[in-house]
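In my numbering, the protein residues as written are 919 to 1142. Cβ coordinates follow ideal geometry from the N, Cα and C atoms, glycine included.
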Amino acid sequence: MKRIRIAIDGPAGAGKSSVSRLVADKLGYEYIDTGAIYRCLALLMNDTVKLEDAQGIKALLKDFDVSFRIVEGVNRVYVNGHDVTGYIRTEKVSMLASSVSALPFVRDALLAMQKKYAAKGGVVMEGRDIGTVIMPEAELKIFLTASPEKRAGRRMLDLKAKGAEMSFEKLVEEIKKRDEQDAGRKVAPLKKADDAILVDNTNIDLVKTADLIVKYANEREISS
Ligand code: DC
């Protein structure tokens, strides 16, 4: 059976990471979280390199290598060899990642890195522009979404599990703001590819969502 490429795109909080991990596990595929790449860049910028400082951002991109490894069930993220898994999920990094990802030179610089991950097949890659820009030739494309309230609710549970708190209203507001920023940008905006399957998981849990995608994948593995 052919090991296919699976692109999973969608807005923040749609469950892309959990679902993609489950799908990759079930199929024995590699899992690539492209949002983590933008988050790593945002983390490196920290408070020293500002969004307006193109030269500073370009300097960071010159020596920028992101890798992933599953350790005891956790997808650990490394930037230039340092484990940053615990630092890239804050709301501050989320917003900065969204802002820096709108810069065309940043997207250009990170394109080759992402295409390299896709080259072998047997991969589940998730992000915003995977089906449209990074792997337009993917055998299976999914656009995963859910209502903003449902997505904010999931974020709230995640935060609680990590011991952090944020009001539900504030989370809905941030989710909507990030949607606007990710879908409204000029380059590679968040958008469903014409040939992507729309999966709305407002009313289905993440395990059932993954099962559905695995079913589509099995059909594609046979017919490809
Ligand atoms: O998936 P995420 O929430 O970890 O992504 C963080 C930000 O990175 C997101 O707000 C937009 C950006 N991003 C992107 O522009 N393109 C991708 N393929 C993945 C993420």
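Its Cα nearest to that of V937, the residue D1129 stands out among T952, D1129, E1137.
Per DSSP, M1043 is one residue of the beta strand (DSSP E) stretching across 1041 to 1045. At the C-beta level, L1062 and K934 come within 7 Å of one another.
Counting C-beta pairs closer than 8 Å gives three or more between the stretch 1108 to 1126 and the stretch 1058 to 1073, which meets the contact rule.
In this structure, G1045 places its C-beta atom within 7 Å of the C-beta atom of T952. Two segments are said to touch when three or more pairs of C-beta atoms, one from each, lie closer than 8 Å; by this definition the stretch 1074 to 1091 does not touch the stretch 1024 to 1033. A925: member of the beta strand (DSSP E) spanning 923 to 927, first to last residue.
A distance of 7 Å or more separates the beta carbons of P929 and D1123. Excluding the 5 residues flanking it on each side, A942 has same chain C-beta neighbours closer than 6 Å at Y949, V1042, in chain order. Taking a contact as a CB-CB distance under 8 Å, the pair V984 and V995 counts as one, their CB atoms being some 7 Å apart. Residue nearest to E970 within the set T1003, V1018, V1051, G991 is V1018 (criterion: CA-CA distance).
At a cut-off of 4 residues, the continuous stretches assigned as alpha helix (DSSP H) that sit fully inside the stretch 962 to 1016 are 972 to 980. The Cβ atoms of I1093 and G931 lie closer than 7 Å to each other.
A925 has its alpha-carbon roughly 16 Å from the corresponding atom of S1142. S1016 has its Cβ nearer than 6 Å to a heavy atom of the ligand DC.
Positions of the alpha helix (DSSP H) runs, each at least 4 residues long and wholly inside the stretch 1013 to 1085, are given as 1022 to 1036, 1066 to 1079 in order along the chain.
C-alpha of K980 to C-alpha of N1121: approximately 43 Å in a straight line. For A1020, the CB contacts under 6 Å within the same chain, skipping 5 residues up- and downstream, are R1103 in chain order.
Where I1140 is concerned, there is no enclosing beta strand (DSSP E), although the alpha helix (DSSP H) around it starts and stops at 1124 to 1141.
Residue environment: P1022 is assigned as exposed (fewer than 16 neighbouring CB atoms within 10 Å of its CB, all protein chains considered).
Excluding its 5 nearest sequence neighbours in each direction, I922 has C-beta neighbours in its own chain below 8 Å: G1039, G1040, A1056, E1057, L1058, A1135, R1138, E1139, S1142, listed in chain order.
The beta-carbon distance between N1119 and A1070, rounded to whole angstroms, is 14 Å. This is too long to meet the 8 Å contact definition. When DSSP reads this structure, E948 sits in a beta bridge with V1041. Between L961 and V1002, the C-beta spacing is below 7 Å.
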